[in-house]
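Each residue of the sequence shown is one higher than the last, beginning at 1 in the UniProt record's numbering.
Virtual Cβ for every residue (Gly too), placed ideally from N, Cα, C.
Bear in mind that the values here come from a model prediction, so they are computed numbers and not experimental data.
Single-structure report; data block below.
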Amino acid sequence: MLVLEGATVRFGRRAALDAVDLEVADHELVCVLGPSGSGKSTLLRAVAGLQPLDGGRVLLGGADQAGVPVHRRGVGLMFQDHQLFPQRDVGGNVAFGLRMHGVPKGERRLRVEELLELVGLPGAARRAVGELSGGEQQRVALARALAPRPRLLMLDEPLGQLDRTLRERLVVELRAVFRRLGTTVLAVTHDQGEAFALADRVVVMRDGRVAQSGTPRDVWQRPASEFVARFLGFANVVPATVTGGTAATPWGGVPVPAGSPQGACRLLVRPSAVRIGPSCAGLPCVVESLTFRGHHVAVRLRPHGAPPLEAECGVGDAPEPGAEVGAVFAAGDVVVLRPGDGG
Ligand SMILES: Nc1ncnc2c1ncn2[C@@H]1O[C@H](COP(=O)(O)OP(=O)(O)OP(=O)(O)O)[C@@H](O)[C@H]1O
1 MLVLEGATVR FGRRAALDAV DLEVADHELV CVLGPSGSGK STLLRAVAGL
51 QPLDGGRVLL GGADQAGVPV HRRGVGLMFQ DHQLFPQRDV GGNVAFGLRM
101 HGVPKGERRL RVEELLELVG LPGAARRAVG ELSGGEQQRV ALARALAPRP
151 RLLMLDEPLG QLDRTLRERL VVELRAVFRR LGTTVLAVTH DQGEAFALAD
201 RVVVMRDGRV AQSGTPRDVW QRPASEFVAR FLGFANVVPA TVTGGTAATP
251 WGGVPVPAGS PQGACRLLVR PSAVRIGPSC AGLPCVVESL TFRGHHVAVR
301 LRPHGAPPLE AECGVGDAPE PGAEVGAVFA AGDVVVLRPG DGG
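Below you can see the structure in the form of C-alpha cells.
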C-alpha cells in the first residue's frame, strides 16, 4: 500500500527525515512512536503531500507520489487538534468530505448514519458540535476522516488531548473499527501505551531514522538498542560483558538467555527479572521507594556501591521502604542489547 524509499526531508542542515525506508501493507495498522522532534509528524506530512521530499520517494499503491497534490493522494488525515467545523452539526462535519467528492445527498445521509453508528454515536447527526464531550468530538473527527473511504488513514496523536481512561477505551474501539473496515492506518504518537494497544506493528524513530520496527510484542520483549529500551521506560541498562550464560555487570553476575551474543554489550535487565528476597541472598540492597502501578508495585532498590536497580513485585509482596533486601536475577527477562548504540 505505502512504501517510503530513502525518504529525506531537511530543514536547513538538519535532516528531520533521514533516508527512511518504510512499508505499510494493505489493512495493516502501523504506529510510529518516538520522542519529540524525532520526525514523526514530518513523516506523516511527507506521505500526505504536505511536505515536499528533499530525497527519496513515497509510493502509494505502487505509484510515485512526486507532484501529486494532497487531495489526489486518497489519504485521510486526522490530526490532534481535530478542528471540527463549529458552525456545522455533527452530520455536516461527517459529510464534509463526501460533499467535496460530489456524493449525492441521499447517499450522504445514509453514509453519515452508518459512520456515526460505527463510531458509537448513533443518531447524533443533528447534534451541535459544541455540545459534545472531547471523546465524542474525537469520534466525529474519526467518522469524518473515514467517510471518503481513504485507502490510507493517517492519524497524528489521535487521542492526544483526552484523559487516560478515555484514551484507553477509545484505542480499543479504534482498533475494532479499523479491523472491521479493513482500513490501512499509519498513526503517530509519543504515547507508547497507545501505540502498543493500537498497532500491528510499531516503528520507533530517533533523529529522523527508524530505530526499530516490529510487532508490539517484539519491540517490547526485545528492544533493539539502549535508546529503544530507555524510550520504553526501562531504566536498568548497564555496561556488561557476557561470557557463556552469565553477564558480568556492576550488580554482579546476571544470567542471560541461552544463545545471547558474547563479549562487551549493554545489558537490559527488566524489572520483572529482579526478584526481591531476604537480605542474606543475592545482591544486598536498600529499598528506596515504591510506586503502585495497578497490578504490581515498581520497587526502586539502592544496591551498595552499584547503580540503582528497578524491580517489580506483587502488591501483597511489596517490601517496606528502607528495608534491607537481597536481589536475585532471573535470565528470562534479560536482554543483551547491541553494543555501541550510545543512547
Ligand atoms: N517547518 C519546519 N521548519 C524547520 N524545522 C522543522 C519544521 N518542521 C519540523 N522541523 C524540525 O524537524 C524535526 C522533526 O520534527 P517533527 O515535528 O517531525 O517531530 P515529531 O517527532 O513529530 O515531534 P513532536 O512529537 O514534538 O510533534 C524537529 O527538529 C523540528 O524542529
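Not one heavy atom of ligand 1 falls within 7 Å of the beta-carbon of S133.
Counting only runs of at least 4 residues, the segment 157-221 fully encloses the following alpha helix (DSSP H) elements, listed from N- to C-terminal order: 164-181, 192-198, 216-221. Around G208, the same chain offers A15, A16, L17, D18, G39 as residues with beta carbons nearer than 6 Å, after the five sequence neighbours per side are excluded. Listed in chain order, the non-local C-beta contacts of P257 below 6 Å within the same chain comprise A331, local neighbours out to five positions each way being set aside.
For V20 and L198, the gap between their C-alpha atoms comes out near 22 Å. Pairwise C-beta distances place the segment 166-180 in contact with the segment 128-148, as three or more of them are shorter than 8 Å. The beta carbon of S213 sits no closer than 7 Å to any heavy atom of ligand 1.
Not a single heavy atom of ligand 1 lies less than 7 Å from the C-beta of T8.
For L110, the number of other beta carbons within 10 angstroms of its own is below 16, and it is reported as exposed. When the Cα atoms are used, E113 and R179 turn out to be separated by approximately 19 Å.
Counting other Cβ atoms within 10 Å of its Cβ, Q212 reaches 16 or more and is therefore classed as buried. In the DSSP secondary-structure assignment, D64 is bridged to L59. When rounded, the separation of the alpha-carbon atoms in A125 and R293 is 40 Å. About 6 Å separates the CB atoms of V299 and C313; that is less than 8 Å, so the two are in contact.
Shortest Cα-Cα distance from G120 to any of A128, G106, R108, Q137 involves Q137.
In terms of Cβ geometry, L146 and L153 form a close pair [threshold 8 Å].
In summary, Q65 is buried, with 16 or more beta-carbon neighbours lying within 10 Å of its beta-carbon over all protein chains present. Spatial neighbours of Q192 in its own chain (CB-CB distance under 7 Å, excluding positions within 5 residues in sequence) are listed in chain order as L33, L232. For R111, the enclosing alpha helix (DSSP H) starts and ends at 105-118.
With a cutoff of 7 Å, T42 counts as near ligand 1, since its C-beta is closer than that to a heavy atom of the ligand.
Taking P150 as the centre and dropping the five residues before and after it, the same chain places the C-beta of G74, V75, G76 closer than 7 Å to its C-beta, in chain order. Counting only the Cα atoms, V228 lies some 30 Å from G182. Rounded to whole angstroms, the separation of the alpha carbons of D333 and W251 is 16 Å.
The continuous stretches of beta strand (DSSP E) do not include M100, which lies in the alpha helix (DSSP H) extending over residues 90-100.
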